[in-house]
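Chains as they are written, first to last, in our numbering: chain G, 132 to 477; chain R, 132 to 477.
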């Protein structure tokens with residue numbers, strides 16, 4: 132146990148209990164613990180100082196006592212975990228040294244011990260905002276890239292619809308689709324987000340789903356010719372309405388179903404017969420399968436950022452104290468763009 | 132109009148009215164009309180004598196006033212239409228001559244005029260039962276072949292589940308899957324059908340879905356390791372239970388959803404989040420897209436029949452008078468195997 136090294140205080144966001152329904156700030160607590168900044172002898176772990184934390188919808192799964200494969204529940208009384216950008220403070224792993232910048236899964240705390248450093252990526256390009264490694268250059272970026280180019284198999288001129296379109300993933304899918312020459316419509320949950328989609332992100336059209344009492348009619352208005360590609364971030368009744376508006380040979384990339392995550396019983400989707408009539412491919416995917424392609428992805432996306440061919444909206448919360456509210460806000464759509472929490476800037 | 136030629140009586144099954152809910156025999160009427168057996172001069176039509184008619188679940192779509200693409204409604208007061216095997220009586224088309232055997236879309240009547248003979252296939256192999264061209268060598272056979280080999284992309288040793296497994300398509304998918312070295316389980320709606328699946332068709336296991344109050348539990352019993360491939364003929368709550376039991380990277384070929392065809396409002400499917408977790412590919416397909424591969428299909432399947440590596444169960448109804456009952460019986464599961472109506476044997 133005794134490994135020496137400086138022991139300092141470590142502010143943490145503690146997961147209090149398993150959650151049913153919408154998560155609340157009171158499901159978490161900010162507490163202060165302590166941590167040794169030195170890696171134990173013989174360990175190949177890495178100790179990092181966390182800089183930016185990512186608020187991700189899929190963290191919701193870990194807040195319940197999970198029976199679902201692939202989601203290990205958070206431990207009550209332990210810190211939450213999620214993707215983050217961090218700086219190496221001490222390393223027992225030959226590939227990492229003090230001062231290295233990394234991104235990967237960390238605790239929601241000021242300092243974390245990473246016991247499996249193989250799972251983290253070293254950051255080599257720092258001419259772009261470091262926080263981007265929680266978003267456009269991290270998991271959401273790879274999700275958008277793989278989901279659009281690999282899963283949707285898009286063609287120039289196709290009609291593309293994206294739900295949760297101003298979110299961490301959706302805003303990128305829309306911009307990738309525009310770069311490919313598609314017609315792109317997004318939906319979001321406020322007038323302000325709709326304006327951003329149309330005016331900042333270059334979508335051809337957008338609508339506020341909260342103001343549409345008939346989603347089928349809204350989609351028919353935006354897509355009189357139907358939809359070739361639906362990038363689904365929300366599931367539920369939106370998916371049901373989309374199925375009515377898909378074109379023959381259409382593709383639905385199922386990235387997530389945020390509308391369902393806080394429901395005890397998911398909504399039923401009734402229009403699946405359209406999958407047969409229209410020979411639809413509905414394809415679920417998980418970004419982790421595409422991690423081996425991360426460097427290929429960077430080669431494509433870094434130049435797009437540098438040449439300002441693509442923009443990325445972030446919603447920055449300052450300080451770990453504000454992390455619970457930031458996470459909870461994802462599920463009410465409070466954030467505009469990628470929700471990031473700044474723990475420290477360097 | 133006047134083209135001469137013999138005019139004879141023509142018994143027909145007339146579609147009386149658009150149908151809601153389960154179709155009934157009284158939605159159809161057997162009447163006698165008359166027909167000229169001579170093709171009109173200058174027409175490239177073909178006149179055929181119908182031998183075998185196919186009862187297909189998808190005929191149900193044509194019994195309603197259709198808003199769905201790809202299904203042209205039956206005309207009230209006209210004969211129903213469906214796949215059938217027929218003999219050419221007169222031909223205005225250079226590719227067909229009197230005496231040729233053909234299969235394709237015909238009227239439910241003793242004699243039909245086929246105005247677009249390009250849509251029918253000439254039968255070249257008559258060492259197998261002619262009725263097979265409504266089943267294993269016709270549309271259902273091609274459906275099973277394309278759906279299994281092309282859509283499901285099966286691998287040896289995979290776990291395959293088939294609903295409506297003793298039906299026209301399901302019985303073949305199961306046998307194809309066994310030939311490939313898969314573990315195959317089917318469900319059907321009676322004890323007798325379950326016995327046939329296990330004892331005549333070589334399925335590894337089978338269950339009567341009507342006797343299972345918990346479909347999820349039944350699937351877990353039959354597939355403790357989960358399902359790689361689900362060939363879906365029924366949709367609805369069976370699909371919902373299957374989603375809970377799919378394996379990672381599983382494939383669902385959506386061939387039909389017969390459990391939903393007679394419902395005013397389709398059942399909701401709630402477990403679609405599994406598509407994301409498990410990276411499931413859910414793929415709708417329609418056999419018509421595979422018609423160009425029909426001769427390739429024949430090359431594979433004819434030898435399997437001749438070498439008795441595959442069997443095919445038919446349920447034969449004698450005479451046009453019994454055609455309405457035979458069709459209606461599909462939706463209550465009365466038939467065992469492919470439901471055929473014999474109009475004439477030669």
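Here a beta-carbon is modelled for each residue, glycine too, at the ideal position from N, C-alpha and C. Since we're looking at a predicted model, the values are computed, not measured.
Euclidean distance between Cα positions of residue i and residue j
| i | j | result |
| --- | --- | --- |
| residue 366/R | residue 145/R | 30 angstroms |
| residue 154/R | residue 192/G | 44 angstroms |
| residue 162/R | residue 235/R | 23 angstroms |
| residue 348/R | residue 360/R | 18 angstroms |
| residue 454/G | residue 426/G | 30 angstroms |
| residue 324/G | residue 467/G | 7 angstroms |
| residue 320/G | residue 352/G | 18 angstroms |
| residue 411/G | residue 197/R | 20 angstroms |
| residue 202/G | residue 434/R | 48 angstroms |
| residue 157/G | residue 297/G | 27 angstroms |
| residue 242/R | residue 270/R | 21 angstroms |
| residue 132/R | residue 171/R | Only weak support exists for where residue 132/R lies, its pLDDT of 40 falling under 50; the value from the coordinates is given anyway. Each residue's alpha carbon lies about 7 angstroms from the other. |
| residue 287/R | residue 398/G | 36 angstroms |
| residue 237/R | residue 179/R | 9 angstroms |
| residue 230/G | residue 185/G | 21 angstroms |
| residue 141/G | residue 282/R | 53 angstroms |
| residue 190/G | residue 407/R | 15 angstroms |
| residue 402/G | residue 226/G | 51 angstroms |
| residue 169/R | residue 205/R | 25 angstroms |
| residue 342/G | residue 183/G | 34 angstroms |
Bridge-paired residues (DSSP) for residue i
| i | result |
| --- | --- |
| residue 413/R | 413/G and 383/R |
| residue 212/G | 238/G |
| residue 445/R | 469/R |
| residue 141/R | 164/R |
| residue 159/R | 146/R |
| residue 377/G | 358/G |
| residue 253/G | 233/G |
| residue 243/G | 179/G |
Closer than 8 angstroms to chain G by CB, residue i
| i | result |
| --- | --- |
| residue 462/R | no |
| residue 346/R | no |
| residue 416/R | yes |
| residue 194/R | no |
| residue 325/R | no |
| residue 203/R | no |
| residue 79/R | No information on residue 79/R is available, as it lies outside the stretch 132 to 477 that chain R covers here. |
| residue 298/R | no |
| residue 391/R | yes |
| residue 235/R | no |
| residue 132/R | Confidence in residue 132/R is poor, its pLDDT being 40 and thus under 50, which makes the residue's placement unreliable; the coordinate value appears in the next sentence. No, residue 132/R does not count as interfacial toward chain G. |
| residue 385/R | yes |
Limits of the alpha helix (DSSP H) - the one that residue i falls within
| i | result |
| --- | --- |
| residue 294/R | That residue, residue 294/R, is in no alpha helix (DSSP H); it is neither H nor E in DSSP. |
| residue 205/R | Segment: none, residue 205/R is in no alpha helix (DSSP H) and carries neither H nor E. |
| residue 435/G | 425–437 |
| residue 406/R | 404–408 |
| residue 193/G | 190–193 |
| residue 457/G | 454–461 |
Below-8 angstroms beta-carbon distance, residue i vs any chain R residue
| i | result |
| --- | --- |
| residue 410/G | yes |
| residue 403/G | yes |
| residue 420/G | yes |
| residue 395/G | no |
| residue 413/G | yes |
| residue 424/G | no |
| residue 302/G | no |
| residue 480/G | Look at the range of chain G in this structure, 132 to 477, and you will see that residue 480/G is not part of it. |
| residue 388/G | yes |
| residue 178/G | no |
| residue 406/G | yes |
| residue 278/G | no |
| residue 366/G | yes |
| residue 315/G | no |
Residue interval of the beta strand (DSSP E) (run including residue i)
| i | result |
| --- | --- |
| residue 421/G | Looking at the DSSP string, residue 421/G is not in any beta strand (DSSP E), and its letter there is neither H nor E. |
| residue 338/G | 336–339 |
| residue 183/G | 177–185 |
Closer than 7 angstroms: residue i CB and nearest the ligand SAM heavy atom
| i | result |
| --- | --- |
| residue 324/G | Absent from the structure shown: the ligand SAM. Ligands present: none. |
To test your reading of the DSSP string, which unbroken beta strand (DSSP E) runs of 3 or more residues are found completely within the segment 341–371 of chain G? Within the segment 341–371 of chain G, the runs of beta strand (DSSP E) at least 3 residues long that lie entirely inside it are, in chain order, 358–363.
Hey, which unbroken runs of the alpha helix (DSSP H) at 4 residues or more fall wholly within the segment 264–334 of chain R? 270–276, 301–310 and 322–330
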